[in-house]
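Under UniProt numbering, the first residue of the sequence shown is numbered 1, with each subsequent residue one higher. Backbone N, C-alpha and C fix where the C-beta goes; we use that ideal spot for every residue, glycine too. In this text, all values refer to a predicted model and were calculated from it rather than measured experimentally. Here is the structure we will look at, set down as structure tokens.
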Amino acid sequence: MLVEDDFIVAYDMQTLLEERGAQVLGPASSLAETHAFIQAASPHVAILDVNLNGELVFSAAEQLRARGIPFAFATAYADDDRIFPAAMRDVPRLAKPVLPVVLVGQLRKLVGR
Numbered sequence: 001m002l003v004e005d006d007f008i009v010a011y012d013m014q015t016l017l018e019e020r021g022a023q024v025l026g027p028a029s030s031l032a033e034t035h036a037f038i039q040a041a042s043p044h045v046a047i048l049d050v051n052l053n054g055e056l057v058f059s060a061a062e063q064l065r066a067r068g069i070p071f072a073f074a075t076a077y078a079d080d081d082r083i084f085p086a087a088m089r090d091v092p093r094l095a096k097p098v099l100p101v102v103l104v105g106q107l108r109k110l111v112g113r
């Protein structure tokens with residue numbers, strides 16, 4: 001599942017992942033849409049932007065964690081611990097702009113390949 005509110009960034013990430021054989025759910029561009037995707041589709045793995053048009057994504061991250069779905073954050077806030085709740089500080093963070101090799105490598109780690 002891809003969660004990203006910037007259309008161009010979402011398109012680039014989705015295209016990259018699909019070119020490498022992934023089936024991409026999304027992109028979800030709002031917190032409500034993210035929660036709906038998690039409920040309806042139960043994704044295998046997720047990449048989450050932290051700030052979705054002013055809404056922080058941590059409630060969706062908690063929902064993913066409760067379901068045992070691995071995830072990582074792709075964010076401009078990667079180096080700022082203050083924005084992350086203590087329970088989310090162990091989650092991998094990819095600094096934007098995310099290099100393709102970093103994104104693909106992190107997804108492989110999350111799915112155990």
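Nearest to Q63 by C-alpha distance, out of V50, L94, H35, is H35. A direct Cα-to-Cα measurement between L94 and P70 gives close to 14 Å. The three-state reading of DSSP puts I69 in coil, since its state is none of H, G, I, E or B. Spanning the alpha carbons of D81 and V91 requires a straight line of approximately 11 Å. Along the UniProt domain "Response regulatory" (1–111), the alpha helix (DSSP H) occurs as fully enclosed runs of 4 or more residues at 7–19, 31–41, 58–66, 100–111, listed in sequence order. Rounded to whole angstroms, the Cβ separation of A28 and V50 is 13 Å, and the two are not in contact under 8 Å. Here V111 is exposed, its C-beta having fewer than 16 other C-beta atoms within 10 Å. Across the set A66, R65, I47, the C-alpha of I47 shows the shortest separation from the C-alpha of V9.
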